[in-house]
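Engineer: End of the sequence shown sits at 103 in the UniProt record's numbering; the numbers just go up one at a time, nothing left out. The beta carbon of each residue, even a glycine, is placed where N, CA and C say it ideally should be. Structure incoming, see below.
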Amino acid sequence: MASESPSAARKVVVHLRATGDAPILKQAKFKIAGTDKFIKVIDFLCRQLHRETLFVYVNSAFSPNPDELVIDLYNMIIQLKLYFCYGGSARDVRKRCILKNDT
């Protein structure tokens, strides 16, 4: 049996935020093994909130496959680059943001 990589064996801190009509958890920050699949997070939330189904998104951006490893999601998120553009005119901001992000 192959040994687990050190990054996969480590714990990942997960922050859970309620949106819409979902109730807020008393404890919203947890540690989960990187080798656990995303479905474990979904199942945990369903049990805590007494719901059969939930929509769960990463950073309000996408809903991963339930079979994704938590460590893979963590590694993908920390490597993303976010660009926040602002200004007085929406047209100028879009134009400058597109040019800046392409470089």
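Rounded to whole angstroms, what is the Cα-Cα separation between residue 34 and residue 58?
Structural biologist: The sequence position of residue 34 within the sequence shown is 34, counting from 1. The sequence position of residue 58 within the sequence shown is 58, counting from 1. Cα to Cα, the separation comes out at about 15 Å.
Engineer: With a Cβ-Cβ cutoff of 8 Å, do residue 14 and residue 30 count as a contact?
Structural biologist: In the sequence shown, counting from the first residue as 1, residue 14 sits at position 14. In the sequence shown, counting from the first residue as 1, residue 30 sits at position 30. Yes, the pair counts as a contact, with Cβ atoms nearer than the cut-off.
Engineer: In this structure, does DSSP put residue 58 in helix, strand or coil?
Structural biologist: What you label residue 58 is simply residue 58 of the sequence shown in a count that begins at 1. Strand, per DSSP.
Engineer: For residue 16, which of helix, strand or coil comes out of DSSP?
Structural biologist: Residue mapping note: residue 16 aligns to position 16 of the sequence shown, counting from 1. Reduced to three states, the DSSP call for residue 16 is coil.
Engineer: Considering Cα atoms alone, identify which of 16, 78, 63, 69 is closest to residue 44.
Structural biologist: Here the question's residue 44 lines up with position 44 in the sequence shown. Comparing Cα positions, the closest option is 16.
Engineer: Please report the distance separating the alpha-carbon of residue 149 from that of residue 75.
Structural biologist: What the structure shows of the chain is the stretch from 1 to 103, and residue 149 is not part of that stretch, so it cannot be assessed.
Engineer: Taking only the alpha-carbon atoms, compute the straight-line gap between residue 26 and residue 18 and give it to the nearest angstrom.
Structural biologist: The count along the sequence shown starts at 1 and reaches residue 26 at position 26. The count along the sequence shown starts at 1 and reaches residue 18 at position 18. Distance between the alpha carbons of residue 26 and residue 18: 11 Å.
Engineer: Quick one: using the 10 Å Cβ neighbour count with 16 as the cut-off for buried, is residue 82 buried or exposed?
Structural biologist: To locate residue 82, count along the sequence shown from 1; it is residue 82. Reliability fails at residue 82, whose pLDDT of 37 lies under 50, so the model's placement of it is uncertain and no value is given.
Engineer: Among residues of its own chain, excluding the 5 on either side of residue 53, which ones have a beta-carbon nearer than 8 Å to its beta-carbon?
Structural biologist: Here the question's residue 53 lines up with position 53 in the sequence shown. Closer than 8 Å at the Cβ level, and outside the excluded window around residue 53, lie 46.
Engineer: What's the C-alpha gap between residue 38 and residue 24?
Structural biologist: Along the sequence shown, one-based indexing puts residue 38 at 38. Along the sequence shown, one-based indexing puts residue 24 at 24. Rounded to whole angstroms, residue 38 to residue 24 spans 20 Å at the Cα level.
Engineer: Alpha carbon to alpha carbon, what distance is there between residue 32 and residue 67?
Structural biologist: By one-based count along the sequence shown, residue 67 stands at place 67. By one-based count along the sequence shown, residue 32 stands at place 32. Distance between the alpha carbons of residue 67 and residue 32: 15 Å.
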